[in-house]
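Peer 1:
2 protein chains.
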Amino acid sequence: MKPDKKINEHFLKGDEKYLRHISIDCVVFGFHENELKVLLLKTSYSAKWALPGGFILKKEHTDEAAKRILKERTGLDKIYLQQFHVFGDPGRSNRKFNDEYFKKLGIKKDNSWMFDRFISIGYDALVDFTKVHPVPDLFSEGCEWFKISDVPALIFDHKKILETALQDLRLQLNFHPVGYNLLPLKFTMPELQKLYETILGKKLDRRNFQRKIIDTGILKRLDETKKGVAHKAPFYYKFDLSNYKKALKAGMGFEL
Amino acid sequence: MKPDKKINEHFLKGDEKYLRHISIDCVVFGFHENELKVLLLKTSYSAKWALPGGFILKKEHTDEAAKRILKERTGLDKIYLQQFHVFGDPGRSNRKFNDEYFKKLGIKKDNSWMFDRFISIGYDALVDFTKVHPVPDLFSEGCEWFKISDVPALIFDHKKILETALQDLRLQLNFHPVGYNLLPLKFTMPELQKLYETILGKKLDRRNFQRKIIDTGILKRLDETKKGVAHKAPFYYKFDLSNYKKALKAGMGFEL
DNA sequence: GTTTGATTGTGTTATTATGACACAATGTAA
DNA sequence: TTACATTGTGTCATAATAACACAATCAAAC
């Protein structure tokens with residue numbers, strides 16, 4: 005089926021497949037080159053960008069829907085994913101679209117479930133940047149990572165959703181060793197620290213940080229050191245999965 | 005309009021007023037006689053009890069809907085209320101009803117939006133027990149407070165919703181001085197401590213508890229003492245609203 | 001080859017927060 | 001007047017945290 009035809013069908017008949025009035029928006033965090041990043045889609049119907057999102061099949065668990073949507077956008081299967089907030093303002097999506105776009109597709113705005121009010125469930129995901137293969141969706145012409153500090157204009161209330169997710173991530177940091185989901189298998193202590201600093205938005209003392217992280221017991225130091233650095237080579241670490249899981253259950257207390 | 009007629013209309017035409025597939029369930033916490041309590045409704049269509057809940061008007065903010073629902077059940081206007089989780093299992097409400105009840109009302113199950121799948125947004129509320137006037141809803145024949153430790157059988161997944169709310173409340177305790185919402189204007193230190201102990205489900209040291217609470221600066225000791233106790237009379241305290249709000253913004257760190 | 005610069009690994013100390021604990025004071029009831 | 005239950009307050013040992021310094025090592029510059 006041609007893309008235009010698919011879009012048309014989605015606008016006119018999507019409500020036969022999906023629950024009306026409810027959507028899911030995902031804030032996908034990644035970490036690369038010492039920067040926290042978020043995955044965004046370039047909408048084809050406006051100059052703005054959007055969070056990857058989608059809808060819930062009539063008999064699908066909301067969590068499953070979020071997983072499915074994420075899988076389609078990132079190719080990733082088992083990722084850290086959880087709901088963090090519901091956005092239920094009736095005016096949240098009543099913003100201006102590009103009418104030309106819909107005219108071209110032959111869609112009348114009062115004719116489609118897609119222009120109804122939507123309540124959106126926000127999910128946030130932490131992914132290993134290096135393993136993601138971004139794929140735009142039907143309504144997007146591109147898919148890119150953006151530095152958190154450098155996010156473009158977003159549609160609807162997506163900016164607010166992103167900010168809420170970020171706040172939530174900061175809170176989580178003390179309970180959840182989020183590094184496991186955001187970093188590759190092996191990583192150095194400075195890299196891990198940089199991740200924490202980026203999320204929290206503040207500098208941390210190198211030595212105290214190391215002590216606290218080590219004390220949790222969730223890390224395992226490898227014998228290997230990083231090669232090719234113009235200074236003392238840092239050790240690689242990886243997460244000790246068994247201790248990591250224990251710590252999760254115990255609800256690791258942890259202040260930075 | 006007669007109740008039966010109202011119910012009938014709700015089942016057959018409610019979807020003209022409300023969003024389909026989405027509901028709100030409220031966990032209303034109160035504190036009385038040194039016990040944490042929750043407000044429940046006795047369903048008229050089964051032997052079970054239910055959380056007070058309702059639906060979202062087509063142009064209503066979800067938060068407003070929760071407020072409205074709560075106002076109708078408790079008579080209270082300005083209460084501490086917030087969403088804590090979305091329950092999105094497609095099977096969550098596919099449980100057995102009392103068919104007799106619906107037959108009596110002349111409602112066919114495949115004929116009403118009310119038997120569709122619902123995604124429910126959980127809101128929890130902390131209220132001053134002494135100010136609540138419980139009012140059952142259209143589908144309930146009663147409305148009562150239950151001790152948290154002594155909750156009867158609940159419909160659907162309401163037990164799980166309640167438990168999730170309770171967990172959330174425990175987490176909140178460290179960030180939010182919840183006492184303000186659950187206690188009357190003036191209260192004694194032992195009463196406040198008992199509240200914390202009940203929510204956390206563990207005993208706290210009397211002297212350490214007092215020190216920490218006092219150190220936050222959110223309390224103001226009155227000159228008045230409690231009368232009519234067969235032992236040393238405890239002082240009354242009230243919340244220092246200005247410091248309380250400051251502490252909220254600063255995100256009071258606080259471990260028990 | 002030696003030096004330089006940047007960065008890592010590690011340990012000490014002062015300060016603060018926490019948990020465990022004891023005794024004097026007070027109001028009613030016996 | 002005494003007994004009892006419960007409150008108000010303070011101390012001390014221990015644990016957690018923040019601030020801080022120096023030696024080791026790698027690549028690049030000379």
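Chains as they are written, first to last, in this note's numbering: chain S, 5 to 260; chain B, 5 to 260. For every residue, glycine included, the Cβ atom is placed at its ideal position computed from N, Cα and C.
1. Using only alpha-carbon positions, find the residue among S:I26, S:H162 and S:I165 that is nearest to I60 of chain B.
2. Measuring alpha carbon to alpha carbon, tell me which of S:K52, S:K21, S:K231 and S:G110 ends up nearest E145 of chain S.
3. How far does the beta strand (DSSP E) with I28 of chain S in it extend, from its first residue to its last?
4. Around the Cβ of R24 of chain B, are there at least 16 other Cβ atoms within 10 angstroms (buried) or fewer (exposed)?
5. Under 9 Å between beta-carbons, which chain S residues line up against R24 of chain B? List them in chain order, please.
6. Can we say the region 55–74 of chain S touches the region 91–110 of chain S, given the rule of at least three CB pairs closer than 8 Å?
7. Can you tell me where the beta strand (DSSP E) holding Y241 of chain B begins and where it ends?
8. Let me see if you follow: with CB-CB separation under 8 Å, is E20 of chain B close to chain S or not?
9. Select from B:Y127, B:A54 and B:P194 the residue whose C-alpha is nearest the C-alpha of K71 of chain B.
10. Going by C-alpha to C-alpha distance, which of B:K9, B:K63, B:L226 and B:N38 sits closest to G205 of chain B?
11. Here's the rule I'm using: 16 or more other beta-carbon atoms within 10 Å means buried, otherwise exposed. How should K249 of chain S be labelled?
12. Indicate whether at least one CB of chain B lies closer than 8 Å to the CB of Q171 of chain S.
13. Just reading off the alpha helix (DSSP H) that Y105 of chain B is part of, what are its end residues?
14. Any beta-carbon of chain S closer than 8 Å to the one on H65 of chain B?
15. Is L109 of chain B closer than 8 Å to D8 of chain B when the C-beta atoms are compared?
16. Quick check on the DSSP output: the alpha helix (DSSP H) that includes G183 of chain B runs from which residue to which?
17. Identify every residue that forms a DSSP beta bridge with R225 of chain B.
18. Taking only three categories from DSSP, how would you classify G232 of chain S?
19. Using a 10 Å radius around the Cβ and a threshold of 16 neighbouring Cβ atoms, would you call E64 of chain S buried or exposed?
20. So is P188 of chain B buried or exposed if we call it buried at 16+ other beta carbons inside 10 Å?
21. Is it the case that the Cβ atoms of L45 of chain B and P140 of chain B are separated by a distance below 8 Å?
22. Along chain S, which residues have their Cβ under 9 Å away from the Cβ of Q87 of chain B?
23. Does DSSP put D81 of chain B in a helix, in a strand, or in coil?
24. Looking only at DSSP bridge pairs, what is A54 of chain S linked to?
25. Would you list, in sequence order, the uninterrupted beta strand (DSSP E) runs of no fewer than 3 residues that lie entirely inside the region 185–221 of chain B?
26. Just to make sure I have the definition right: I need the residues of chain S whose C-beta is within less than 7 Å of the C-beta of I123 of chain B. Which are they?
27. Grab the span of the alpha helix (DSSP H) containing I159 of chain B for me, first residue to last.
28. If distances are taken between C-alpha atoms only, which option among B:D209, B:N212, B:H235 and B:Y240 comes closest to A223 of chain B?
29. State the beta-bridge partners of K151 of chain B as determined by DSSP.
30. Work out the CA separation of S246 of chain B and D132 of chain B for me, nearest whole Å.
31. Expressed to the nearest angstrom, what Euclidean distance is found between the alpha-carbon atoms of K198 of chain S and I73 of chain B?
32. Determine the closest residue to D227 of chain S out of S:P181, S:K82, S:D67 and S:K242, with distance taken between C-alpha atoms.
Peer 2: Judging by the given coordinates:
1. Within the second sequence, numbered from 1, the residue matching residue 60 of chain B stands at position 56. Ranking S:I26, S:H162 and S:I165 by Cα distance to I60 of chain B puts S:I26 first.
2. Residue mapping note: residue 145 of chain S aligns to position 141 of the first sequence, counting from 1. Closest option to E145 of chain S, Cα to Cα, is S:K52.
3. Taking the first sequence and counting its residues from 1, one reaches residue 28 of chain S at position 24. Run containing I28 of chain S: Y22 to H36, per the beta strand (DSSP E) assignment.
4. Sequence index remark: in the second sequence, residue 24 of chain B carries index 20 (1-based). It is buried - the Cβ of R24 of chain B has at least 16 other Cβ atoms within 10 Å.
5. Locating residue 24 of chain B in the second sequence gives position 20, counting from the first residue. For R24 of chain B, the C-beta contacts it makes with chain S under 9 Å involve L23, R24 and H25, in order along the chain.
6. Contact between the region 55–74 of chain S and the region 91–110 of chain S is not established, with fewer than three Cβ pairs separated by less than 8 Å.
7. Locating residue 241 of chain B in the second sequence gives position 237, counting from the first residue. If you look at Y241 of chain B, you'll find it in the beta strand (DSSP E) that goes F239 to F243.
8. In the second sequence, the residue the question calls residue 20 of chain B occupies position 16. Not closer than 8 Å to any Cβ of chain S, the Cβ of E20 of chain B fails to qualify, so no.
9. By 1-based counting over the second sequence, the position of residue 71 of chain B is 67. When the alpha-carbon of K71 of chain B is set against those of B:Y127, B:A54 and B:P194, the nearest one is in B:Y127.
10. As a first step, residue 205 of chain B is located in the second sequence; it is residue number 201 there, counting from the start. Looking at B:K9, B:K63, B:L226 and B:N38, the one whose alpha-carbon comes closest to that of G205 of chain B is B:N38.
11. As a position in the first sequence, residue 249 of chain S is number 245, starting the count at 1. Result: exposed.
12. Walking along the first sequence from the start, residue 171 of chain S turns up at place 167. With 8 Å as the cut-off, Q171 of chain S does not count as an interface residue toward chain B.
13. Numbered from 1 along the second sequence, position 101 holds the residue referred to as residue 105 of chain B. From DSSP, the alpha helix (DSSP H) with Y105 of chain B extends over D103 to L109.
14. Reading the second sequence from its first residue, position 61 is the one you call residue 65 of chain B. Closer than 8 Å to some Cβ of chain S, the Cβ of H65 of chain B qualifies, so yes.
15. Taking the second sequence and counting its residues from 1, one reaches residue 8 of chain B at position 4. Taking the second sequence and counting its residues from 1, one reaches residue 109 of chain B at position 105. Less than 8 Å separates the beta-carbon of D8 of chain B from that of L109 of chain B.
16. Residue mapping note: residue 183 of chain B aligns to position 179 of the second sequence, counting from 1. It spans G183 to L186 - the alpha helix (DSSP H) in which G183 of chain B sits, taken as one unbroken run.
17. Here residue 225 of chain B refers to the residue found at position 221 when the second sequence is read from its first residue. Paired residue(s): B:Y241.
18. Indexing the first sequence from 1 puts residue 232 of chain S at position 228. In this structure, G232 of chain S counts as coil in the three-state DSSP scheme.
19. Locating residue 64 of chain S in the first sequence gives position 60, where the first residue counts as 1. So E64 of chain S counts as buried.
20. Translated into the one-based positions of the second sequence, residue 188 of chain B becomes position 184. P188 of chain B comes out exposed.
21. If you number the second sequence from 1, residue 45 of chain B lands on position 41. If you number the second sequence from 1, residue 140 of chain B lands on position 136. Contact: yes.
22. Translated into positions along the second sequence, residue 87 of chain B becomes position 83. Under the 9 Å cutoff, chain S gives H89, V90 and G92.
23. To locate residue 81 of chain B, count along the second sequence from 1; it is residue 77. In this structure, D81 of chain B counts as coil in the three-state DSSP scheme.
24. Residue numbering aside, residue 54 of chain S sits at position 50 when the first sequence is read from its first letter. In the DSSP output, where bridge partners are listed per residue, A54 of chain S has S:L45.
25. Counting only runs of 3 or more, we get nothing.
26. Taking the second sequence and counting its residues from 1, one reaches residue 123 of chain B at position 119. Correct list: I26 and T66.
27. As a first step, residue 159 of chain B must be located in the second sequence, where it is residue number 155. First-last for I159 of chain B: undefined, no H or E at that position.
28. Taking the first residue of the second sequence as 1, we reach residue 223 of chain B at position 219. The sequence shown places Leu at residue 223 of chain B, not Ala. Minimum Cα distance to L223 of chain B is reached at B:Y240.
29. In the second sequence, residue 151 of chain B corresponds to position 147, counting from 1. Residue pairing by DSSP puts K151 of chain B in a beta bridge opposite B:K41.
30. Here residue 132 of chain B refers to the residue found at position 128 when the second sequence is read from its first residue. Here residue 246 of chain B refers to the residue found at position 242 when the second sequence is read from its first residue. Each residue's alpha carbon lies about 20 Å from the other.
31. For this step, residue 198 of chain S is matched to residue 194 along the first sequence. For this step, residue 73 of chain B is matched to residue 69 along the second sequence. Whole-angstrom Cα-Cα distance: 46 Å.
32. If you number the first sequence from 1, residue 227 of chain S lands on position 223. Ranking S:P181, S:K82, S:D67 and S:K242 by Cα distance to D227 of chain S puts S:K242 first.
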